[in-house]
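Following our numbering, the numbering of the sequence shown begins with 5 at its first residue and continues without gaps. For each residue, glycine too, the CB sits at the ideal point set by N, CA and C. All values derive from a computational prediction rather than experimental measurement.
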Amino acid sequence: MKRRALLLAPAATALSMLAACAQRLVHAQEEPESLLDAAVAQLLTQPSEHPFSAVVDFSQRSTEPRFHVVERSSREIVQSFVVAHGVGSAAPSDDGYAEVFSNTEGSEASSLGLYRTGDTYVSEQLENGLSMRLHGLSPSNSNAYKRLIVVHGHWYMDPRNIRERGSAGLSEGCMVFSYKDRDVVVDMLKGGALILAVKDLARLQV
Numbered sequence: 005m006k007r008r009a010l011l012l013a014p015a016a017t018a019l020s021m022l023a024a025c026a027q028r029l030v031h032a033q034e035e036p037e038s039l040l041d042a043a044v045a046q047l048l049t050q051p052s053e054h055p056f057s058a059v060v061d062f063s064q065r066s067t068e069p070r071f072h073v074v075e076r077s078s079r080e081i082v083q084s085f086v087v088a089h090g091v092g093s094a095a096p097s098d099d100g101y102a103e104v105f106s107n108t109e110g111s112e113a114s115s116l117g118l119y120r121t122g123d124t125y126v127s128e129q130l131e132n133g134l135s136m137r138l139h140g141l142s143p144s145n146s147n148a149y150k151r152l153i154v155v156h157g158h159w160y161m162d163p164r165n166i167r168e169r170g171s172a173g174l175s176e177g178c179m180v181f182s183y184k185d186r187d188v189v190v191d192m193l194k195g196g197a198l199i200l201a202v203k204d205l206a207r208l209q210v
């Protein structure tokens, strides 16, 4: 009887482990897909010959690295950066979250949707420096080029300034980085890369 109990013990342990694995699988299937995962998946359905694309996750606070560069061949996020949103998108409390999005000229707000990077140039505004034009490909950002929505750098995105302010600076609708990060982003994404700006699953669009 004792020998039988010893033989049954490993089997019971194995069954218990299988049950635990099955339970974890059920919970994983029940968990909703994250916005970032959904955005990356949606972005990679869009044809592009560029090796990189990017997702801007505006559900995150401006102090967080919410601009994610994705390597298309591996489908992996390879770098993430802090990026500003437009002053027209900020909540009245200026709590660091983007709440309002607009495609309207003069709104100074960020726009959701799919972009393609255009040519690079040196801005006449000395503080902006090297800049990269953006072409809006979605109804929600179709005026991006006309609105002069670009990628550029600015001193207000320096990490020390962000720490002192408690949140990132606010742009006029552009995707603004620290000068150091701007250089990396432009180098990785220049020449026709896709960028998808998202806020929530309900407005996930291309």
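message = Assuming Met179 and Val155 are in contact, meaning their beta carbons sit under 8 Å apart, how far apart are those beta carbons, in whole angstroms?
response = 5 Å
key: Cβ-Cβ distance between Lys194 and Thr108 below 7 Å   = No.
message = At the level of alpha carbons, what is the spacing between Glu103 and Ala94?
response = Distance between the alpha carbons of Glu103 and Ala94 is about 6 Å.
Buried or exposed by the 16-neighbour rule on C-beta atoms within 10 Å, applied to Leu130 = Exposed: under 16 other Cβ atoms inside 10 Å.
Secondary structure of Ala137, DSSP reduced to three states = Correcting the residue identity first, residue 137 is Arg in this sequence and not Ala. Reduced to three states, the DSSP call for Arg137 is strand.
ask   = Straight-line CA distance for Ser146 to Glu168?
value = For Ser146 and Glu168, the gap between their C-alpha atoms comes out near 35 Å.
query = Nearest CA to the CA of Gly2: which residue from Thr67, Ala148, Asp99?
reply = Residue 2 cannot be examined here, being either before or after the span of the chain that is shown, 5 to 210.
inquiry  = Need the endpoints of the alpha helix (DSSP H) that Gln46 sits in, please.
reply    = Unbroken alpha helix (DSSP H) run through Gln46: 39-47.
key: Cβ neighbours of Ala88 in the same chain (closer than 8 Å, five flanking residues each side left out)   = Ser66, His158, Tyr160, Met161, Ala172, Gly173, Leu174, Ser175, Cys178, Met179, Val180, Phe181
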